[in-house]
Amino acid sequence: MTKIKCICGKCELHLNDKKIYYSLFCGCEDCRQAAKWGERKGGKSPEKLQKLIYMRSDISKVKGKQFMKAYQLRKDARSTRVYCISCYSILGIDHPSYDNNVFMLIPFLCNADFDTTIKPIAGIFMDDYPNEIPKKLLNNILIYNNFKNKEKEKKLVSILANLKPTYKNAKGKSLQNLIKDLGKIEILNLKKGSD
Ligand SMILES: [Zn+2]
Ligand SMILES: [Zn+2]
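Numbering (the numbering used here), first residue to last: 6 to 200.
Shown next as structure tokens:
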């Protein structure tokens with residue numbers, strides 16, 4: 006069994022595939038703003054530099070769906086985050102570019118029953134990171150301060166393409182399916198870059 010649980014324990018996502026396909030550090034303001042918003046609502050205080058992991062979007066069972074709600078930061082947002090509305094853990098994040106193949110998770114902000122110590126392969130959006138760069142964490146991995154250099158971006162896209170799950174049909178439902186089940190996505194209308 007591979008389970009993602011919220012901190013209060015009301016919500017669970019069970020996954021058919023226990024593999025973590027890849028991991029990144031993200032310095033972007035949206036990941037930070039979404040985590041800080043959860044913290045303000047009573048959720049866990051996020052790590053300064055957040056580690057993201059990517060799992061196959063293949064959910065075998067959903068528990069506590071009545072406590073789950075999907076949110077976007079702004080009207081033009083592309084990421085959709087599923088929170089537990091009791092403890093404000095983030096249970097999963099979808100982005101159109103994941104193509105329903107994977108979804109993103111911030112393991113520090115929930116309880117996963119599997120080993121999440123995988124080493125990130127890159128640090129992305131580090132130009133947006135407001136704190137002192139933690140050199141030790143970013144030692145020996147690819148660093149993307151921004152994505153202005155298209156050649157460099159291509160390199161990361163091709164590395165990730167090789168790490169993504171290759172099988173087509175998931176056995177269960179995807180995070181996108183779950184988000185549809187949850188009904189209307191609430192738009193938070195937070196000002197870009199604010200905390
Ligand atoms: Zn919860
Ligand atoms: Zn981010």
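Even glycine gets a Cβ: it sits at the ideal position worked out from N, Cα and C.
Computed from a prediction, not measured in an experiment: that's the story for all the values here.
Residue i beta carbon near ligand 2 (any heavy atom closer than 7 Å)
{"i": "phenylalanine 108", "result": "no"}
{"i": "phenylalanine 130", "result": "yes"}
{"i": "aspartate 35", "result": "yes"}
{"i": "cysteine 31", "result": "yes"}
Neighbour-count burial assignment, residue i, 16 or more Cβ in a 10 Å radius
{"i": "glycine 188", "result": "exposed"}
{"i": "aspartate 104", "result": "exposed"}
{"i": "serine 102", "result": "exposed"}
{"i": "proline 135", "result": "exposed"}
{"i": "tyrosine 76", "result": "buried"}
{"i": "isoleucine 164", "result": "exposed"}
{"i": "lysine 10", "result": "buried"}
{"i": "glycine 48", "result": "buried"}
{"i": "serine 179", "result": "buried"}
{"i": "aspartate 22", "result": "buried"}
{"i": "tyrosine 172", "result": "exposed"}
heavy atom of ligand 1 below 7 Å from residue i C-beta
{"i": "isoleucine 12", "result": "yes"}
{"i": "lysine 15", "result": "yes"}
{"i": "phenylalanine 72", "result": "yes"}
{"i": "serine 94", "result": "yes"}
{"i": "serine 50", "result": "no"}
{"i": "serine 91", "result": "yes"}
Cβ-based neighbour list, residue i, same chain, cut-off 6 Å, excluding 5 preceding and 5 following
{"i": "phenylalanine 152", "result": "Glu158"}
{"i": "lysine 68", "result": "Glu17"}
{"i": "histidine 100", "result": "Arg83, Ser84"}
{"i": "phenylalanine 30", "result": "Leu54, Lys56, Pro125, Gly128"}
{"i": "cysteine 36", "result": "Gln55"}
Beta-carbon proximity of residue i to residue j, cut-off 8 Å
{"i": "glutamate 191", "j": "lysine 15", "result": "no"}
{"i": "serine 28", "j": "lysine 56", "result": "yes"}
{"i": "tyrosine 26", "j": "leucine 147", "result": "no"}
{"i": "isoleucine 4", "j": "tyrosine 88", "result": "Beyond the ends of the chain as shown, which are 6 and 200, falls residue 4; an answer cannot be given."}
{"i": "glycine 32", "j": "phenylalanine 113", "result": "no"}
{"i": "alanine 166", "j": "serine 62", "result": "no"}
{"i": "aspartate 133", "j": "glutamate 34", "result": "yes"}
{"i": "histidine 19", "j": "isoleucine 90", "result": "no"}
{"i": "leucine 78", "j": "leucine 195", "result": "yes"}
{"i": "aspartate 200", "j": "glutamine 71", "result": "no"}
{"i": "aspartate 118", "j": "threonine 7", "result": "yes"}
{"i": "isoleucine 111", "j": "alanine 40", "result": "yes"}
{"i": "cysteine 115", "j": "cysteine 13", "result": "no"}
{"i": "leucine 142", "j": "tryptophan 42", "result": "no"}
Beta-carbon contacts of residue i that lie in its chain and below 8 Å, excluding the five residues immediately before and after
{"i": "tyrosine 149", "result": "Ala127, Gly128, Ile129, Phe130, Met131, Lys157, Glu158, Leu161"}
{"i": "valine 107", "result": "Tyr26, Tyr59, Met60, Arg61, Ser62, Lys169, Pro170"}
Neighbour flag for residue i against chain D, beta carbons, 8 Å
{"i": "aspartate 120", "result": "Protein chain content of the structure displayed is limited to a single chain, and chain D is not contained in it."}
Residue i: CB within 7 Å of a non-hydrogen atom of ligand 3
{"i": "threonine 121", "result": "Absence of ligand 3 is noted for the structure shown, with ligand 1 and ligand 2 being the only ligands found."}
Please give me, in chain order, every unbroken run of the beta strand (DSSP E) with length at least 3 that falls completely inside the stretch 49-96. 55-61, 64-68, 73-77, 85-89
Legend entry - Minimum length 3: unbroken beta strand (DSSP E) runs contained in the stretch 146-197: 147-149
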